[in-house]
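From first to last, the protein sequence lines stand for chains A and B.
With numbering that gives the first Met the number 0 applied, the first sequence corresponds to residues 0 to 189, in that order.
With numbering that gives the first Met the number 0 applied, the second sequence corresponds to residues 0 to 189, in that order.
Structure, as structure tokens:
There are 2 protein chains.
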Amino acid sequence: MADTDVPRRRSDVTRASILDAARARFAADGYERATVRAIAQDAGIDPSMVMRYYGSKEGLFAAVIDVELVLPDLAEISADDVGTVLVGHFLDLWEHDSVLQTLLRVGVTNEAGAERMRGVFSGQILPLAERFVATRADAARRAALVASQVLGMALVRYVLRFGPAAQMSRADLVAWVGPTVQRYLTAPEP
Amino acid sequence: MADTDVPRRRSDVTRASILDAARARFAADGYERATVRAIAQDAGIDPSMVMRYYGSKEGLFAAVIDVELVLPDLAEISADDVGTVLVGHFLDLWEHDSVLQTLLRVGVTNEAGAERMRGVFSGQILPLAERFVATRADAARRAALVASQVLGMALVRYVLRFGPAAQMSRADLVAWVGPTVQRYLTAPEP
DNA sequence: ACTGTATGCCAACATCCGTTGACCTCTGCC
DNA sequence: GGCAGAGGTCAACGGATGTTGGCATACAGT
């Protein structure tokens, strides 16, 4: 087997360190307050390098949010505990990958971020809901409800940092929120 | 009855128009992108007036979020339908008052906004939860869960504008989300 | 070894931001 | 009628931001 034959540029490590710094800054500060200069300083290079490699601040942001964001092996979840499994997976994802945090922080004031968030919704949660209900319209509603609960949880726990929400144990969270998601996906329409 | 005896300054209408414009801008754009200059232009006055009357951009923002935000007559809700009533009231509040939209858009990247949001949580949702459960710690958890669902709904419906979430009817929303809030407030601990 | 090119830094630009102070104008009071 | 003060405009400042072009250096291919 040959190694990947993408051109190994000498600047790859620089590009990567810029991207890493940008990920962290966008996730922590949102789009406006994450400045190109601060990102460059974090990456240990000159701001002009950001422009050379990513064209503009917008281009850099596009590169940051252009990652595969896939919930693991949804196909094999049994219909009986899809709620708790999904909540657990989502907590993992949130705590180990900054891209969701970035999208939430940015999507609230930036249309590109919101659009990407809608893409994640359509690509991940919607197909899941369609496996449990008959009509497409019903699935869309249920997926929206799941998204509302799951993103709301992330909002109060990780972004707004409401004390009680941040302190709840993972087990408590799964036990409380899991059944909600379960109901949104599998209960008959009210 | 005497009229209110607050000093009737000649500048009151200007002050009010600044505040109105600021409300709209902060709600639509968040803190960073809502510029003093744009607010002043909307209000039809010079940017320096904003500084004269509110001291600074931060002071203006503080004035915008310094409003009584009270969920109506919570004391008289029967324990059986607190969920649906609460969701209904919240939908009203969100659609007729921009301050919640402002707090959500700003609180995600601005600490003062987040702090105010936590204040609303502590002042409104927490006391409600304490009427339904015995211990303070349990009430805090349940209030956090309610906040997560209610703010999450607002997030996907009004801010991120997920299609299905934005198109759901008010009745559907209450029928789906009401029972969730009801369970968070009144169900036994899992 | 030479040379073209990629990599990186530096200095600067244009623009926007919040904020300030000088100046004018209108109003209400003695 | 004159005057003090409030209401309002204007131009400018200092700083930060995204972005650009020029220049030095280190590498890779011949």
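Ideal Cβ placement from N, Cα and C applies to all residues, glycine included.
From a predicted model like this one, the values you see are computed outputs, not experimental measurements.
Discussion item. If you reduce the DSSP assignment to three classes, tell me which class leucine 92(B) lands in.
Written reply: Correct three-state label for leucine 92(B): helix.
Fill in: Other residues of its chain near arginine 36(B): CB distance less than 6 Å, five sequence neighbours each side excluded
Pro46
Worksheet item: Using the C-alpha atoms, what's the distance from leucine 59(B) back to alanine 111(B)?
Response: 12 Å
Item to complete: Compare the C-beta of threonine 108(A) with all C-beta atoms of chain B and state if any pair is closer than 8 Å.
Response: yes
Worksheet item: What are the start and end residues of the alpha helix (DSSP H) that includes glutamate 129(B)?
Response: Start and end: 125-129.
Worksheet entry | Neighbour flag for serine 97(B) against chain A, beta carbons, 8 Å | no
Worksheet entry | Own chain partners of tyrosine 30(A) with C-beta closer than 6 Å, once the 5 adjacent residues on each side are dropped | Val105 and Asn109
Worksheet item: Which chain A residues are close to tryptophan 175(B), counting only those with a beta carbon under 8 Å from its beta carbon?
Response: Arg140, Leu144, Tyr183 and Pro189
Discussion item. What does the Cβ neighbour count give for threonine 179(B), buried or exposed, with the cut at 16 atoms within 10 Å?
Written reply: buried
Worksheet entry | Option nearest glutamine 100(A) by Cα separation, candidates Ser55(A), Gly122(A), Tyr183(A) and Arg22(A) | Arg22(A)
Worksheet item: Can you tell me the Cα-Cα spacing of aspartate 4(B) and valine 158(A), whole angstroms?
Response: Annotation note: pLDDT 48 at aspartate 4(B) (below 50); position unreliable, no value reported.
Discussion item. Which runs of the alpha helix (DSSP H) at least 4 residues long sit entirely within the segment 135-175 of chain A? Give them in chain order.
Written reply: 135-153 and 162-166
Item to complete: Output the distance between the C-alpha atoms of glycine 118(B) and alanine 165(A), rounded to the nearest integer angstrom.
Response: 15 Å
Worksheet entry | Interface flag, glutamine 100(B) vs chain A, CB-CB below 8 Å | no
Fill in: Helix, strand or coil at serine 16(A) according to DSSP, with G and I counted as helix
helix
Worksheet item: Relative to chain A, which residues along the segment 29-50 of chain B have a C-beta separation below 8 Å, given in chain order?
Response: Gly29, Glu31 and Arg32
Worksheet item: Which residue from Asp11(A), Pro187(A) and Gly43(A) puts its Cα closest to that of threonine 134(A)?
Response: Pro187(A)
Worksheet item: If we count Cβ pairs, one from each stretch, closer than 8 Å, do we get three or more for the segment 52-66 of chain B versus the segment 144-164 of chain B?
Response: Contact between the segment 52-66 of chain B and the segment 144-164 of chain B is not established, with fewer than three Cβ pairs separated by less than 8 Å.
Item to complete: Check aspartate 2(B) in the structure and name its three-state DSSP category.
Response: Its pLDDT being 43, under 50, aspartate 2(B) is placed unreliably by the model, and nothing is read from it.
Fill in: Between the CA atoms of valine 84(B) and alanine 62(B) - distance to the nearest angstrom
30 Å
Worksheet item: What three-state label does DSSP hand valine 98(A) in the structure shown?
Response: Here valine 98(A) sits in helix by DSSP.
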